[in-house]
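Below is one structure, written out as structure tokens; comments come after it.
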Ligand SMILES: Nc1ncnc2c1ncn2[C@@H]1O[C@H](COP(=O)(O)OP(=O)(O)OP(=O)(O)O)[C@@H](O)[C@H]1O
Ligand SMILES: [Mg+2]
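Numbering (my numbering), first residue to last: -6 to 321.
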């Protein structure tokens, strides 16, 4: 087993990615010029409230945004090569092999008409050159790794013959089958119970140590972030408002939004039945975004400057950047 060091140039580097949708009420920008990078063997957590653009970011990296959606601008560099410049044919060769995604909805992402082994064997053939008995053996091993009981006998089963949690695990096995350099895992364990969730996250970490895969872990669970990520990016209304090494973020959350998110998690010292502080107000609609800082309508610090000037990410300590006018 080779252990890949967690250093060196980023495997994935996203620069100023902008993705939007044409809707009946006009154009909306769901992901607004975000940049992020992940080195070999590292996991970046992407967190933020429902609708902030996490999944659209994941789909954009996979180039799976289809009309009425469009990636308008930016670069998605995988080992230095911009995926956004590839032909659809070239992209198909990357997808599943170099970059793979565990989709958020386990129910809709497995085709009911295909046996479990079909996408697995296809990925193993295309991306790893495995066929016949060798491919079946590897498929069984992948299903065993994600704790599918009696894996050898289940290759020819159909998705409806599995529970929701098992389907989620089959999706994870399929995403891992091509030994991707980059794995986008969109809420990969939300449908699973806690013990299996821990197993799956441990499996992802093990894969990372062996192969140096860079993981983008999309989750709303800050506990999962604390335990499984090296770095974390906090997204609000399509923009990244804070990015930091995990320890630094939990020790010194610096954007008022991040502070609100962290305050809303019960800690070991929280007394029973104490109401947790909630962030006032609601996430703005993409059709009606406030000018300047998008968080300002919910922010206790907001001043006139926040309406006039978009705060940009500024580094406050190594690797820790915050987009707030009042960070100091
Ligand atoms: N096909 C589409 N057409 C129009 N708007 C879309 C489309 N897909 C996504 N959006 C919008 O883009 C925004 C971001 O959605 P996204 O699915 O990325 O959110 P999310 O952060 O993954 O939320 P959740 O935590 O609920 O999964 C939302 O406002 C959503 O309504
Ligand atoms: Mg989502």
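The beta-carbon is built from N, C-alpha and C at its ideal position, and this holds for glycine as well. Keep in mind the model is a prediction, meaning the values are calculated, not measured.
Residues bridged to residue i [DSSP beta-bridge criterion]
{"i": "residue 321", "result": "Answer by DSSP bridge pairing: none, since residue 321 is not bridged."}
{"i": "residue 308", "result": "314"}
{"i": "residue 335", "result": "No answer is possible for residue 335: the residues shown for the chain start at -6 and end at 321."}
{"i": "residue 85", "result": "DSSP, once it has assigned bridges, lists no residue as partnering residue 85."}
{"i": "residue 19", "result": "16"}
{"i": "residue 3", "result": "32"}
{"i": "residue 108", "result": "Paired residues: none, contrary to the question."}
{"i": "residue 233", "result": "228"}
{"i": "residue 62", "result": "14"}
{"i": "residue 68", "result": "8"}
{"i": "residue 92", "result": "88, 175"}
{"i": "residue 208", "result": "36, 176"}
{"i": "residue 74", "result": "71"}
Cβ neighbours of residue i in the same chain (closer than 8 Å, five flanking residues each side left out)
{"i": "residue 59", "result": "none"}
{"i": "residue 145", "result": "133"}
{"i": "residue 71", "result": "4, 5, 87, 91, 92, 174, 175"}
{"i": "residue 255", "result": "215, 243, 246"}
{"i": "residue 269", "result": "256, 257, 258, 259, 263"}
Neighbourhood of residue i by C-beta, 7 Å cutoff - its chain only, sequence neighbours within 5 removed
{"i": "residue 212", "result": "38, 40, 180, 218"}
{"i": "residue 222", "result": "36, 37, 38, 210, 239"}
{"i": "residue 116", "result": "89, 167, 170, 171"}
{"i": "residue 190", "result": "182"}
{"i": "residue 27", "result": "7, 10, 50, 232, 233"}
{"i": "residue 271", "result": "257"}
{"i": "residue 140", "result": "162, 189, 192"}
{"i": "residue 52", "result": "58"}
{"i": "residue 216", "result": "none"}
{"i": "residue 196", "result": "138, 139"}
{"i": "residue 319", "result": "294"}
{"i": "residue 184", "result": "99, 157, 158, 161"}
Where residue i falls, given that 16 or more other Cβ within 10 Å makes a residue buried
{"i": "residue 149", "result": "exposed"}
{"i": "residue 86", "result": "exposed"}
{"i": "residue 281", "result": "exposed"}
{"i": "residue 287", "result": "buried"}
{"i": "residue 78", "result": "exposed"}
{"i": "residue 15", "result": "exposed"}
{"i": "residue 6", "result": "buried"}
{"i": "residue 2", "result": "exposed"}
{"i": "residue 229", "result": "buried"}
{"i": "residue 193", "result": "buried"}
{"i": "residue 163", "result": "buried"}
{"i": "residue 81", "result": "exposed"}
{"i": "residue 174", "result": "buried"}
{"i": "residue 250", "result": "buried"}
{"i": "residue 48", "result": "buried"}
{"i": "residue 246", "result": "buried"}
{"i": "residue 106", "result": "exposed"}
{"i": "residue 110", "result": "buried"}
{"i": "residue 112", "result": "buried"}
{"i": "residue 307", "result": "exposed"}
{"i": "residue 73", "result": "exposed"}
Own chain, CB closer than 6 Å to residue i, minus 5 neighbours either side, in chain order
{"i": "residue 295", "result": "289"}
{"i": "residue 302", "result": "285"}
{"i": "residue 54", "result": "69, 177"}
{"i": "residue 241", "result": "313"}
Near ligand 3: residue i beta-carbon under 6 Å from a heavy atom
{"i": "residue 16", "result": "Although ligand 3 was asked about, the structure shown includes only ligand 1 and ligand 2 as ligands."}
Problem set entry | Shell residues, 7 Å Cβ cut-off relative to heavy atoms of ligand 2 | 47, 48, 97, 179, 180, 211
Exercise. Curious, which full-length alpha helix (DSSP H) runs of at least 4 residues does the region 131 to 196 contain?
Worked result: 157 to 170
Exercise. What beta strand (DSSP E) runs, 3 residues minimum, are completely inside the region 242 to 289?
Worked result: none
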